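Peer 1: Take 1 as the starting number for the sequence shown in UniProt numbering and just add one per residue.
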Amino acid sequence: MTVPEVEPLRTLDKNGKEITTVGFQRFGFDCEVPLDVVRALYLRPHYVITEAANGDVSDVLDSQEEAGHARFTKGFSAYQSKSIFHPETQSISYTTLTRFPPVKLLPPSQRKRVLVTGGAGFVGSHLVDRLMLLGHEVTVIDNFFTGSKTSVSHWTGHPNFELVRHDVVEPFMIECDQIYHLACPASPPHYQFNAVKTLKTSFQGTLNMLGLAKRTKARFLITSTSEVYGDPEVHPQHEDYWGHVNPIGPRACYDEGKRVAETLTYGFHRQDNVDVRVARIFNTYGPRMNPFDGRVVSNFIVQALRGQDLTVYGDGSQTRSFQYIHDLVDGLIALMNSPETRPVNIGSSDEFTILEFAELVRDIVEKVQREDGERPTRRVQIVHEGLPTDDPKQRQADTNRARQTLDWQPRWTVRMGLEEMVRYYKAKMAEGSL
Ligand SMILES: NC(=O)c1ccc[n+]([C@@H]2O[C@H](COP(=O)([O-])OP(=O)(O)OC[C@H]3O[C@@H](n4cnc5c(N)ncnc54)[C@H](O)[C@@H]3O)[C@@H](O)[C@H]2O)c1
């Protein structure tokens, strides 16, 4: 079968330099991996739609791969599960990976046993990809409340990988060197679904993981949030600002949950010498984000791709800054391996009003559709709805500490990240799972 010629896509950073790798070499921790390999793990349909007429699936796989996503994944298409959907019987033949991507062969002294709680979620799954490619032994524990097995299933069976269904509210015993503690629902509809459980996860879950860190002498990193600043009175928010949080509002279970989780973390640090790291993450977006959890980026992209009008809450003058997932994972790994024990903001300082952001998403979706030869029948409009309770008016990260102590700053432009994410959701739509 002949495959259409496709031009590889170049991703440029904020200075116009091509991005070919993610990660960096710092603090004696080499964490650089080729972007194409990372991309091949998410930027491609998980299964092909149908079999070829002659029954030869490899023909279909090759043509779909080349036509749709080879621009991103180049020669790394082998590293994906190639399950086959049969429309005539509405059934799917699942296939696991034919080949795992090459992972680094580290000497035992450099190889870490890493526990990632919440590793089947959006941020966790990207962190797991990175740690696996770097050659570490990774154990994920997750209760699959918002995460899903499929986000890390491409590692199932790999000798360095283990996935355990477990709720962090219950103790967990394992030998490990580093703990990335992410487990906690992160989007308002999810954390408000059961506010008491969110608080339990934040408090009891963090207590359990800190207890484990104390016993194993593992280094412990918690993913806190910019929500600890509440509806801030200082702008941009630096780490020494104590915040302005409504303790009884609908968002309090998350905001106060993370605040008490930080308090616990520093309690263990002071009392028991647990080696801790606290990342205060600002709005992050990227592939594998749940498209239906009400977060603004995925909302806008899915609405625009479906030709629906984009919903802006309030007049759209509230501002947000958005960082791309690869920048966040760089920041988390840098923080874990740095000597910095104070809280560190990890986020973008490029501020957009929500209205500007909606317009940007609409432009990028139109650009991708034009490049793919699609002609939408009408331009989507931007419509306004009432503002939710306690929605912060302004949020922008002061990232001076991350720059000074981690030598970290975001590389991805919002435009490049959005374009990749639009293509990811398009691939999901193409395979029928969105
Ligand atoms: N994505 C962002 O923009 C952002 C911003 C600030 C902070 N964070 C923090 O980063 C972390 C990851 O966020 P995300 O965006 O990947 O969210 P997510 O909802 O996609 O992932 C959270 C993961 O934790 C799991 N989980 C939830 N409760 C659990 C429990 N009790 N036991 C075990 N597993 C549990 C979920 O199933 C899911 O896999 C969270 O701690 C969140 O607070 C994220």
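Heads up, the beta-carbon is just placed ideally off N, CA and C, and yes, glycines get one too.
Just so it is clear, the structure is predicted and the values come from calculations on it, not from any experiment.
Which same chain residues end up closer than 7 Å to R362 when comparing Cβ atoms and leaving out the 5 residues on each side of it in sequence?
Peer 2: Cβ neighbours of R362 beyond the five flanking positions: A304, L310 and V380.
Peer 1: Put T225 into one of helix, strand or coil per three-state DSSP.
Peer 2: T225 falls in the strand class under three-state DSSP.
Peer 1: Select from R288, N246, P171 and H126 the residue whose C-alpha is nearest the C-alpha of Y424.
Peer 2: Cα-wise, what sits closest to Y424 is R288.
Peer 1: Between the stretch 116–125 and the stretch 143–152, can you find at least three pairs of beta-carbon atoms closer than 8 Å?
Peer 2: A contact exists between the stretch 143–152 and the stretch 116–125.
Peer 1: What residue does the beta strand (DSSP E) around I174 start on, and which one ends it?
Peer 2: Premise fails: I174 is in no beta strand (DSSP E) and is neither H nor E.
Peer 1: Are there any heavy atoms of ligand 1 lying less than 6 Å away from the beta-carbon of F292, as far as the coordinates show?
Peer 2: Checking the Cβ of F292 against ligand 1 gives no.
Peer 1: Which first and last residues belong to the alpha helix (DSSP H) in which A334 is found?
Peer 2: Unbroken alpha helix (DSSP H) run through A334: I325 to M336.
Peer 1: Can you tell me whether E18 is helix, strand or coil according to DSSP?
Peer 2: In the structure shown, E18 sits in a strand (DSSP, three-state: E or B).
Peer 1: Going by C-alpha to C-alpha distance, which of E233, E356, I222 and Y313 sits closest to V276?
Peer 2: Out of E233, E356, I222 and Y313, I222 has the C-alpha closest to the C-alpha of V276.
Peer 1: For T399 versus N337, is the C-beta spacing smaller than 7 Å?
Peer 2: Contact: no.
Peer 1: Could you give the DSSP three-state label for V383: helix, strand or coil?
Peer 2: It is a strand residue.
Peer 1: Could you have a look at T2 and say whether DSSP puts it in helix, strand or coil?
Peer 2: At T2, the pLDDT of 46 sits below 50, so the modelled position is not reliable and the matter cannot be decided from this model.
Peer 1: Since A183 is in the alpha helix (DSSP H), which residue starts that stretch and which ends it?
Peer 2: First-last for A183: undefined, no H or E at that position.
Peer 1: Return yes when the C-beta of N208 is under 6 Å from any heavy atom of ligand 1, and no when it is not.
Peer 2: Checking every heavy atom of ligand 1 against the Cβ of N208, none is found closer than 6 Å.
Peer 1: Looking at the secondary structure, which residues open and close the beta strand (DSSP E) in which E137 lies?
Peer 2: Its beta strand (DSSP E) spans residues E137 to D142.
Peer 1: Give the range of the beta strand (DSSP E) segment to which E351 is assigned.
Peer 2: Here the beta strand (DSSP E) through E351 covers E351 to T353.
Peer 1: Whole angstroms is fine: what's the gap from T198's alpha carbon to I84's?
Peer 2: Each residue's Cα considered, the two are about 37 Å apart.
Peer 1: Under a Cβ-count criterion, where at least 16 other Cβ atoms within 10 Å of its own Cβ denotes burial, should D330 be classed as buried or exposed?
Peer 2: By the neighbour-count rule (16 or more Cβ atoms within 10 Å), D330 is buried.
Peer 1: Between T389 and G249, which are expected to be in contact by the criterion C-beta below 8 Å, what is the C-beta distance as a whole number of angstroms?
Peer 2: At roughly 6 Å, the Cβ-Cβ gap stays under 8 Å, so T389 and G249 are in contact.
Peer 1: Check G394 in the structure and name its three-state DSSP category.
Peer 2: Here the sequence assigns Gln to residue 394, which means Gly is not the residue at that position. In the structure shown, Q394 sits in coil (DSSP, three-state: anything other than H, G, I, E or B).
Peer 1: Can V297 and Y285 be called in contact, C-beta distance under 7 Å?
Peer 2: Yes. Within cutoff.
Peer 1: Determine, using beta-carbon pairs with one atom in the stretch 134–142 and one in the stretch 157–176, whether at least three such pairs fall under 8 Å.
Peer 2: The stretch 134–142 is in contact with the stretch 157–176.
Peer 1: Do the CB positions of V128 and V152 come within less than 7 Å of each other?
Peer 2: Against a cut-off of 7 Å, the Cβ pair of V152 and V128 comes out as a contact.
Peer 1: Three or more beta-carbon pairs under 8 Å between the stretch 192–207 and the stretch 229–242, yes or no?
Peer 2: Short answer: they don't touch.
Peer 1: Taking 6 Å as the line, does the beta carbon of I174 fall inside it for any heavy atom of ligand 1?
Peer 2: Answer for I174: no, Cβ out of range of ligand 1.
Peer 1: As a quick exercise: from L35, K258, L332 and F27, pick the residue whose alpha carbon is nearest that of T20.
Peer 2: Comparing Cα-Cα distances from T20 to each of L35, K258, L332 and F27, the minimum goes to L35.
Peer 1: Thinking C-alpha only, which one of I333, T95, V114 and E227 is nearest G28?
Peer 2: G28 has its Cα closest to that of I333, out of I333, T95, V114 and E227.
Peer 1: CB K393 to CB Q318, shorter than 7 Å?
Peer 2: Yes. Within cutoff.
Peer 1: Considering only residues of the same chain and omitting the five flanking positions on each side of R320, which have a CB-CB separation below 6 Å?
Peer 2: For R320, where only same-chain residues beyond five positions count, the Cβ hits under 6 Å are N283 and R395.
Peer 1: How about H158 and F100: do their beta carbons lie closer than 7 Å?
Peer 2: It is a contact, given that the beta carbons lie within the stated cut-off.
Peer 1: Which residues share a DSSP beta bridge with P345?
Peer 2: It should be pointed out that residue 345 corresponds to Asn in this sequence rather than to Pro. According to DSSP, N345 bridges with R280.
Peer 1: Is V312 closer than 7 Å to I364 when the C-beta atoms are compared?
Peer 2: No, Cβ-Cβ distance for I364 and V312 is not below 7 Å.
Peer 1: Which ranges does the beta strand (DSSP E) cover as unbroken runs of at least 3 residues, wholly within the stretch 97–157, from first to last along the chain?
Peer 2: Taking only runs of at least 3 residues, the beta strand (DSSP E) segments lying wholly in the stretch 97–157 are 113–117 and 137–142.
Peer 1: Measure the alpha-carbon distance for S348 versus S187 and round it to whole angstroms.
Peer 2: Whole-angstrom Cα-Cα distance: 18 Å.
Peer 1: Could you give the residue range of the beta strand (DSSP E) that holds E162?
Peer 2: Run containing E162: F161 to R165, per the beta strand (DSSP E) assignment.
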